[in-house]
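Residue numbers (the numbering used here): 1236 to 1477.
Think of the CB as a built atom: it goes at the ideal place given N, C-alpha and C, for glycine as much as any other residue.
As structure tokens, the structure follows; a few thoughts come after it.
Shown next, in the form of structure tokens:
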């Protein structure tokens, strides 16, 4: 995903470190030209989709975001073939199309996006459907305590407790920065969990299952915190959402 933690540099070949340093210096020197920045973002996004090494996640991006996937290639989905399944411990399982999600009431959340790598993109707007609305429509059973998210990359998973999932600043986002979410940013639908580190905001979302306990996600299985709260986040009160 775009929010993977950096791996330790110890033992990395000198040639690789030198190459990355040179690329970084060159890109940062050119970043003042907006058209160069946009071109670099498109190139980095395209290369990252076929990069199984993760090296593209180390390269600088003047736009702030980093592009990363835990698999070498991710299929593309659009309005013709995107499906989101809600099931598990619910009374009314349902499959939504992109059109279905777009027809539901939309909310807007503006918040900083922060990665465990240390990079941050301030005041980033996301728009989409409140996860709580979909859970209410599905009818969560009394034994439902948590949510497990799956993605159509075939590998990534995430989790939230039921109370976390019901916050008003947790969205199934269809837009980011006032534009439809691109494939590279996890579109056409991604999870957005505003008060937590970005690894909790699963890209390429395809499944939401209500479970009776928290099931650790992809990065939690590799040592990340299950509750990835940002420093200073209000863990109890909802953030405002329009």
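(message) Measuring only the C-alpha atoms, how far is residue 1469 from residue 1404?
(response) The sequence position of residue 1469 within the chain shown is 234, counting from 1. The sequence position of residue 1404 within the chain shown is 169, counting from 1. Near 11 Å, if we compare the C-alpha coordinates of residue 1404 and residue 1469.
(request) Given a cut-off of 9 Å, decide if residue 1366 and residue 1320 are closer than it, judged by their beta-carbon atoms. (result) The residue labelled residue 1320 in the question sits at position 85 within the chain shown. The residue labelled residue 1366 in the question sits at position 131 within the chain shown. It is not a contact, given that the beta carbons lie outside the stated cut-off.
(request) Could you name the residues of the same chain whose beta carbon sits closer than 6 Å to that of residue 1329, not counting the 5 residues immediately before and after it, in chain order? (result) Counting from 1 along the chain shown, the entry for residue 1329 is found at position 94. 1321, listed in sequence order.
(message) Please state whether the Cβ-Cβ distance between residue 1325 and residue 1439 is less than 9 Å.
(response) Counting from 1 along the chain shown, the entry for residue 1325 is found at position 90. Counting from 1 along the chain shown, the entry for residue 1439 is found at position 204. Against a cut-off of 9 Å, the Cβ pair of residue 1439 and residue 1325 comes out as no contact.
(request) With residue 1371 as the anchor, note down where its alpha helix (DSSP H) starts and where it stops. (result) Here residue 1371 refers to the residue found at position 136 when the chain shown is read from its first residue. Unbroken alpha helix (DSSP H) run through residue 1371: 1366-1373.
(message) According to DSSP, is residue 1303 part of a helix, a strand, or is it coil?
(response) Taking the chain shown and counting its residues from 1, one reaches residue 1303 at position 68. Residue 1303: coil per DSSP, three-state reduction.
(request) Check whether the Cβ atoms of residue 1369 and residue 1407 sit closer than 9 Å, and answer yes or no. (result) For this step, residue 1369 is matched to residue 134 along the chain shown. For this step, residue 1407 is matched to residue 172 along the chain shown. Going by C-beta atoms, residue 1369 is nearer than 9 Å to residue 1407.
(message) Going by DSSP in three states, residue 1337 sits in which element: helix, strand or coil?
(response) On the chain shown, residue 1337 is found 102 positions in, with the first residue counted as 1. Helix at residue 1337.
(message) Let me confirm a value: residue 1398 is counted as buried when at least 16 other C-beta atoms fall within 10 Å, else exposed. Which label applies?
(response) Here residue 1398 refers to the residue found at position 163 of the chain shown. The residue is exposed, with fewer than 16 neighbouring Cβ atoms inside 10 Å.
(request) Please report how far the alpha carbon of residue 1448 lies from the alpha carbon of residue 1386, in whole angstroms. (result) Start at 1 with the first residue of the chain shown, and residue 1448 comes out as number 213. Start at 1 with the first residue of the chain shown, and residue 1386 comes out as number 151. Those two C-alpha atoms are separated by around 19 Å.
(message) Measuring straight from C-alpha to C-alpha, what distance separates residue 1460 and residue 1306?
(response) By one-based count along the chain shown, residue 1460 stands at place 225. By one-based count along the chain shown, residue 1306 stands at place 71. Rounded to the nearest angstrom, the two C-alpha atoms are 21 Å apart.
(message) Considering just the uninterrupted stretch of the alpha helix (DSSP H) at residue 1397, what are its terminal residues?
(response) As a working mapping, residue 1397 is identified with position 162 in the chain shown. Per DSSP, residue 1397 belongs to the alpha helix (DSSP H) from 1397-1400.
(message) Taking a contact to mean a Cβ-Cβ separation below 9 Å, would you say residue 1381 touches residue 1446 in this structure?
(response) Mapped onto the chain shown, residue 1381 falls at position 146. Mapped onto the chain shown, residue 1446 falls at position 211. The answer is yes: Cβ separation under 9 Å.
(message) Rounded to the nearest angstrom, what separates residue 1412 and residue 1457 at their Cα positions?
(response) Residue 1412 sits at position 177 when you count from the first residue of the chain shown. Residue 1457 sits at position 222 when you count from the first residue of the chain shown. Going by the C-alpha atoms only, they are around 30 Å apart.
(message) With distance defined between alpha-carbon atoms, name the residue in 1427, 1453 and 1363 nearest to residue 1334.
(response) In the chain shown, counting from the first residue as 1, residue 1334 sits at position 99. Nearest option by C-alpha distance: 1363.
(message) Please give me, in chain order, every unbroken run of the beta strand (DSSP E) with length at least 3 that falls completely inside the segment 1424-1458.
(response) 1425-1428 and 1440-1446
(request) Look at the Cβ atom of residue 1424, then the Cβ atom of residue 1317, and state whether they are nearer than 9 Å. (result) Your numbering for residue 1424 matches position 189 in the chain shown. Your numbering for residue 1317 matches position 82 in the chain shown. Closer than 9 Å, so yes.
(request) Take residue 1371 as the anchor and find which of 1327, 1378, 1357 and 1451 has the nearest alpha-carbon. (result) For this step, residue 1371 is matched to residue 136 along the chain shown. Minimum Cα distance to residue 1371 is reached at 1327.
(message) Going by DSSP, what residue range makes up the beta strand (DSSP E) through residue 1408?
(response) Residue mapping note: residue 1408 aligns to position 173 of the chain shown, counting from 1. Residue 1408 -> beta strand (DSSP E) spans 1405-1411.
(request) Could you name the residues of the same chain whose beta carbon sits closer than 6 Å to that of residue 1383, not counting the 5 residues immediately before and after it, in chain order? (result) Here residue 1383 is taken as the residue at index 148 of the chain shown, counted from 1. 1394, 1444, 1446 and 1450, listed in sequence order.
(request) Give the single residue among 1323, 1409 and 1340 whose Cα lies nearest to the Cα of residue 1375. (result) What you label residue 1375 is simply residue 140 of the chain shown in a count that begins at 1. Comparing Cα-Cα distances from residue 1375 to each of 1323, 1409 and 1340, the minimum goes to 1323.
(request) Please say whether residue 1452 and residue 1428 have beta carbons closer to each other than 9 Å? (result) Counting from one through the chain shown, the residue named residue 1428 turns up at place 193. Counting from one through the chain shown, the residue named residue 1452 turns up at place 217. The answer is no: Cβ separation not under 9 Å.
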